[in-house]
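Asks: Numbering (mature numbering (1 follows the signal peptide of the UniProt record, and there is no 0)), first residue to last: -21 to -1, 1 to 250. Got a structure here, written out as structure tokens. Questions coming.
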């Protein structure tokens, strides 16, 4: 009995060690600043997670474990510049600089080949840009209530930027430059992304929240309409209304999003 107990203990310790060894938590120099990556190593096509505005890699903690268990895939989460553990270079802000930093980091880590994208909110703009720049490498995408350029017409964009500018104080720039420049660059990021369509060759599952981030009925209807129009562009896009869910669909209904990611991975892998 004693020997059996010791064997169980050794087995448990070994398993814990193996699990820890599979996770890479690292800072990568991408040219003037460092991006924080957390990579759960697996096999097959890696899955890259793009957090929403103001969020970092930890936003995905509720679903990465189940996704890893069901796919055994490599999962890549990271903190965009100025958030989480990533540092910031005030001379390299804006979505294009952010994308160049991400691409540099992925290349250094050896993940600059085929990939699957999962994105939430403003992270959808980064997923869109990455897919537009690497249409042959992106094998599938799961978009979760992402920001669309369709929604931000000129009038709404100007009004949104005005609110952001009011909140963007000098004090914020000094204490949290990542957040400050995320807001300051919002309009320019949207305008830049009008030039980059999501490739129609990439299979997409597009979720839209039932309870959108807005209170005004016109905003609510336009948010949902833009997602419907995006999904209708191609037969390989599937639009899903997440009934009863708010903006963070993957927190309100984890199985719904997890199943979509697993399905995207399975289909992209040809299994």
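The beta carbon of each residue, even a glycine, is placed where N, CA and C say it ideally should be.
#1: What distance in whole Å lies between the Cβ atoms of residue 66 and residue 12, which are believed to be in contact at a cut-off of 8 Å?
#2: Name the residue from 128, 126 and 79 whose alpha carbon lies nearest to the alpha carbon of residue 112.
#3: Mind checking whether residue 166 and residue 225 have CB atoms under 8 Å apart?
#4: With a cut-off of 8 Å, do at least 3 Cβ pairs link the segment 232 to 246 to the segment 174 to 190?
#5: Is it buried or exposed for residue 197, if we count other Cβ within 10 angstroms and need 16 for buried?
#6: Below 8 Å CB to CB, which residues in the same chain sit around residue 172 once its five sequence neighbours on both sides are set aside?
#7: Cα-Cα, which of 200, 208, 157 and 159 is closest to residue 176?
#8: Reducing DSSP to helix, strand and coil, say where residue 177 ends up.
#9: Please identify the residue among 180, 27 and 14 whose C-alpha is closest to the C-alpha of residue 39.
#10: Would you decide whether residue 31 is buried or exposed? Buried here means 16 or more other CB atoms lie within 10 Å of its CB.
#11: Within 10 angstroms of the Cβ of residue 100, are there 16 or more other Cβ atoms? Answer buried if so, exposed if not.
#12: Go through its chain and collect everything with a Cβ distance to residue 90's Cβ below 7 Å, but skip five positions before and after it.
#13: Distance, Cα to Cα, residue 158 vs residue 33?
#14: I need the straight-line Cα distance from residue 36 to residue 59, nearest angstrom please.
#15: With residue 7 and residue 53 assumed to form a contact (beta carbons below 8 Å), what rounded beta-carbon distance in angstroms separates them?
#16: Apply the 10 Å Cβ neighbour rule to residue 168 and answer buried if 16 or more other Cβ atoms are within range, or exposed otherwise.
#17: Hey, out of 244, 152 and 10, whose CA is closest to residue 94's CA?
#18: Can the beta-carbon of residue 110 be found closer than 8 Å to that of residue 122?
#19: Answer with buried or exposed for residue 239, where buried requires no fewer than 16 other C-beta atoms within 10 angstroms of its C-beta.
#20: Does any residue of chain C have a CB that is nearer than 8 Å to the CB of residue 248?
Replies: On the basis of the coordinates in this document:
#1: 4 Å
#2: Considering only 128, 126 and 79, the residue with the shortest C-alpha distance to residue 112 is 79.
#3: For residue 166 and residue 225, no; Cβs fall outside 8 Å.
#4: yes
#5: exposed
#6: 74, 104, 107, 108 and 128
#7: The shortest C-alpha separation from residue 176 is found at 208.
#8: It is coil, neither helix nor strand.
#9: 27
#10: buried
#11: By the 10 Å Cβ count, residue 100 comes out buried.
#12: Closer than 7 Å at Cβ, skipping near neighbours: 25 and 55.
#13: 7 Å
#14: 8 Å
#15: About 16 Å separates the two Cβ atoms, so there is no contact after all.
#16: buried
#17: Nearest option by C-alpha distance: 244.
#18: no
#19: buried
#20: Among the protein chains of the structure shown there is no chain C, as only one such chain exists.
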